[in-house]
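First comes the structure, then the notes that go with it.
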Amino acid sequence: MTDPQGFADAVHRFDSELDAAVVRARRIASEARETSAKFRRETRQLAEQVKAGTASGGRTDDRLLRTASGFRTDNGLPVRDLPVPEPSATPSPLRTSGSRRPIAPSSDDDEDFSQEQIMR
Numbered sequence: 010m011t012d013p014q015g016f017a018d019a020v021h022r023f024d025s026e027l028d029a030a031v032v033r034a035r036r037i038a039s040e041a042r043e044t045s046a047k048f049r050r051e052t053r054q055l056a057e058q059v060k061a062g063t064a065s066g067g068r069t070d071d072r073l074l075r076t077a078s079g080f081r082t083d084n085g086l087p088v089r090d091l092p093v094p095e096p097s098a099t100p101s102p103l104r105t106s107g108s109r110r111p112i113a114p115s116s117d118d119d120e121d122f123s124q125e126q127i128m129r
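Numbering-wise (the numbering used here), the sequence shown opens with residue 10 and increments by one.
What follows is the structure in structure tokens.
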């Protein structure tokens with residue numbers, strides 16, 4: 010025979026665990042929204058600084074700007090015309106000595122967990 014008290018206890022434990030999971034999920038979702046809002050706010054401020062020419066990051070590599078613009082264009086995202094920075098005598102902090110390997114375009118294949126893909 011079945012134990013009605015055991016079943017009731019199991020249902021109660023299940024309800025308690027479900028409630029705790031919902032509380033955790035809501036907390037995590039709230040934290041994610043806060044993080045996302047902070048990131049958007051900081052990105053908006055940086056974009057305004059770049060537009061105004063007051064960004065303190067130094068000169069951005071032209072190749073990097075072209076790559077970023079190409080990515081946004083290819084993905085249907087808006088591309089804003091930014092002021093062309095004046096050439097500076099100091100090298101960009103984004104440039105490194107030596108040659109870099111070209112980065113292969115990522116695919117939609119989620120099954121590719123090769124070390125090369127992970128290390129990027």
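Backbone N, C-alpha and C fix where the C-beta goes; we use that ideal spot for every residue, glycine too.
Because the structure is a prediction, the values reported are computed rather than measured.
Where residue 73 sits in the DSSP three-state scheme:
Note: residue 73 maps to helix in three-state DSSP.
Residues in its own chain within less than 6 angstroms of residue 64 by CB, not counting five upstream and five downstream?
The answer, listed in chain order, is 58.
If we ignore side chains and look at the alpha-carbon of each, how far apart do residue 13 and residue 19 end up?
Cα to Cα, the separation comes out at about 10 angstroms.
Alpha carbon to alpha carbon, how far is residue 30 from residue 40? Give it in angstroms, no decimals.
So the two alpha carbons sit approximately 15 angstroms from each other.
Let's test the definition: count the other Cβ atoms within 10 Å of the Cβ of residue 100 and tell me whether it reaches 16, buried, or not, exposed.
Because the pLDDT at residue 100 is just 49, under 50, the model does not fix this residue reliably, and the point stays unresolved.
Three-way DSSP call (helix, strand, coil) for residue 64 in this model:
Residue state, collapsed to three classes: coil.
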